Amino acid sequence: MIDFCGIELAHPVINASGCFDVLAARACFGEELIERFPFSAYVSKTVTLAPRAGNPPPRLWESAAGMINSIGLPNPGIEGYLDEHLGEYAKLGVPLITNVMGSTAAEFVALLAALEDRSEVAAIELNVSCPNVATGLDIGADPRGLRLLLEELRPLTQKPLIVKLTPNTADVGACASAAEEGGADAVSLINTLRAMALGYGGKPWLGGGSGGLSGPAIRAVALAQVASVAERVAIPIVGMGGVSSGADAAALLEVGALLVAVGTESFRDPAAGARISAELARLFAENAGS
Ligand code: SIN
374 MIDFCGIELA HPVINASGCF DVLAARACFG EELIERFPFS AYVSKTVTLA PRAGNPPPRL
434 WESAAGMINS IGLPNPGIEG YLDEHLGEYA KLGVPLITNV MGSTAAEFVA LLAALEDRSE
494 VAAIELNVSC PNVATGLDIG ADPRGLRLLL EELRPLTQKP LIVKLTPNTA DVGACASAAE
554 EGGADAVSLI NTLRAMALGY GGKPWLGGGS GGLSGPAIRA VALAQVASVA ERVAIPIVGM
614 GGVSSGADAA ALLEVGALLV AVGTESFRDP AAGARISAEL ARLFAENAGS
């Protein structure tokens, strides 16, 4: 068992927010995928105060060893999430982490208030790092703004607060450290790297103009950023970025992560979570025996 901010988790592999839609996965692959749920906690896609339609299509571009997304956080808003999604997620039998994004501190305050009495929610991840919405990563890339936001939010909830950090900043360690000073219980990183793709006639391919790069292409960046954050903070780190195998997960744990999240690989292989967890367990067993 792993103690993550007071939450007991069976193993260190979770999903990255927005990267394993259990409702869609169940519709496509049947109950079996859900019955033997691969992740030790489930992280929701980002929820905002008001419903969002997301960015215009096209929303995806396959890049060398990765993908660029410009999804734009479509979601039913906090009321829709509580009414339509939370009950389904609660059936998964693992702790639930709800990921939220506010455009202002006041919106984050309202989101926390809406979640506070919901015992189904074990922890809250603050998305201060989405590259696909106008105000998404302004706060996340500014250490002072991040500390002030955390200082305002921390007293408002009993639930652990995880801050999802952006790699699109000069000094991710300073941002992590500011989040910790403000009262964050954990940090998660990396979100996607800002990127773009050109389509016909040299026009941006993605409807949102630019997007976020993920997948194996960013694995080495994630490793370096997790390692540098681990030198700066004492709170737990959820490492992610291009994890496609147990060995990738082990590398992030090696440099200081307590948990590892699987993101883009789940789009390529919906059973990736279970596979990566099994590969990681095998690596642990081999190392224990050596
Ligand atoms: C999106 O929905 O645009 C992706 C979420 C994110 O990068 O935070």
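Numbering (the working numbering), first residue to last: 374 to 663. Glycine included, each C-beta is placed from N, C-alpha and C at the ideal position. The model shown is predicted, which means the values in this text are computed figures rather than measured ones.
Contact test: residue i Cβ vs the ligand SIN heavy atom, cutoff 7 angstroms
i      : result
Ile444 : yes
Pro540 : no
Ser550 : no
Pro504 : yes
Asn388 : no
Thr637 : no
Gly612 : no
Thr421 : no
Gly391 : yes
Gly585 : yes
Thr565 : yes
Asn500 : yes
Residue-level contact to chain D via CB, residue i, 8 angstroms cutoff
i      : result
Leu631 : Of the protein chains in this structure there is only one, and it is not chain D.
Rounded separation between residue i and residue j - CA only
i      : j      : result
Phe412 : Phe657 : 17 angstroms
Arg409 : Ala398 : 13 angstroms
Gly575 : Glu489 : 47 angstroms
Thr421 : Ile444 : 14 angstroms
Gly582 : Asn541 : 17 angstroms
Ile512 : Gly662 : 46 angstroms
Val506 : Thr530 : 26 angstroms
Phe402 : His458 : 19 angstroms
Gly585 : Val501 : 14 angstroms
Ile497 : Gly427 : 22 angstroms
Asp376 : Gly450 : 30 angstroms
Met374 : Leu382 : 6 angstroms
Pro430 : Leu465 : 31 angstroms
Tyr454 : Tyr462 : 10 angstroms
Gly518 : Thr565 : 20 angstroms
Pro504 : Ile407 : 30 angstroms
Ile380 : Gly580 : 39 angstroms
Ala620 : Leu632 : 14 angstroms
Ser617 : Ala593 : 12 angstroms
Glu405 : Arg641 : 18 angstroms
Ala486 : Pro528 : 11 angstroms
Ala559 : Leu433 : 30 angstroms
Val395 : Leu446 : 17 angstroms
Cys378 : Ala597 : 24 angstroms
Pro577 : Glu435 : 14 angstroms
Ile610 : Leu562 : 8 angstroms
Ala645 : Ala634 : 11 angstroms
Ala647 : Val386 : 9 angstroms
Unbroken stretches of the alpha helix (DSSP H), 4 residues or longer, contained in the region 549 to 624: 592 to 603
Three or more C-beta pairs below 8 angstroms linking the region 541 to 551 and the region 591 to 607: yes
Touch test, the region 567 to 584 against the region 620 to 637, Cβ-Cβ under 8 angstroms, three pairs minimum: no
Given 8 angstroms, three or more beta-carbon pairs between the region 425 to 440 and the region 485 to 500: no
Ranges of the alpha helix (DSSP H) found wholly within the region 442 to 472, counting only runs of at least 4: 450 to 453, 459 to 463
Ranges of the alpha helix (DSSP H) found wholly within the region 622 to 652, counting only runs of at least 4: 638 to 641
At least three beta-carbon pairs within less than 8 angstroms, the region 589 to 604 to the region 471 to 479: no
The region 553 to 568 / the region 513 to 523 touching (three or more Cβ pairs under 8 angstroms): yes
Segments assigned beta strand (DSSP E), at least 3 residues, entirely inside the region 518 to 544: 534 to 537
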